[in-house]
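Written below as structure tokens is the structure these notes are about.
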Amino acid sequence: MNIHKGDLVQVITGKDKGLQGKVVQAFPETQKVIVEGVNRVKKHEKVGQTARGAKTGGIVTVEAPIHVSNVMLVVEHEGKKVVTRVGYRRTQQERRLPDGTTKTVTRSVRYSKKTGEDI
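Number 14 in full-length UniProt numbering belongs to position 14 of the sequence shown; there are no gaps in the numbering.
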């Protein structure tokens, strides 16, 4: 999945089209994400009592999951926020081992397809 927890995304379709928010939680197995302030729904919770005696429950508003295909990543480029697709590129890096020698390793890096910069 191209979108990770903590990413800034913009909704591209649906009732919240155009809204931006931070990804609070990602569910790779179902290809869904929860975005802060987006896809808010009313949920009826049973009234209960906390350890301190306060009442909880009633009708609460929470963010519901939204499919990852309905959001796009937002990156900052030259002082502006740009909506972009995500790509992966393999890069060679030098890694120092505990004994002082170096080893070349291959890493997968996310990058912005619009700007070409690493994310």
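Ideal placement from N, C-alpha and C gives every residue a C-beta, glycine not left out.
As the structure is a computational prediction, the values presented were derived from the model and not from experiment.
- For V23, the secondary structure class from DSSP, reduced to helix, strand or coil, is strand.
- Unbroken beta strand (DSSP E) stretches of 3 residues or longer found wholly inside the stretch 52-102: 55-63, 71-77, 80-84, 86-96, given in chain order.
- Counting C-beta pairs with one atom in each stretch, the stretch 97-109 and the stretch 66-77 have fewer than three that are closer than 8 Å, which means they do not touch.
- Per DSSP, the continuous beta strand (DSSP E) segment holding E45 begins and ends at 40-49.
- Judged by beta-carbon spacing, V33 lies within the 8 Å limit of I3, meaning their Cβ atoms are closer than that value.
- Residue burial is scored here from C-beta neighbours: A51 has fewer than 16 other C-beta atoms within 10 angstroms and is therefore classed as exposed.
- When DSSP states are grouped into helix, strand and coil, Q10 belongs to the strand group.
- Beta-bridge pairing by DSSP links D16 to no other residue.
- The three-state secondary structure of I119, taken from DSSP, is coil.
- Here V71 is near V9, since their CB atoms are less than 8 Å apart.
- Taken through DSSP and simplified to helix, strand or coil, I3 comes out as coil.
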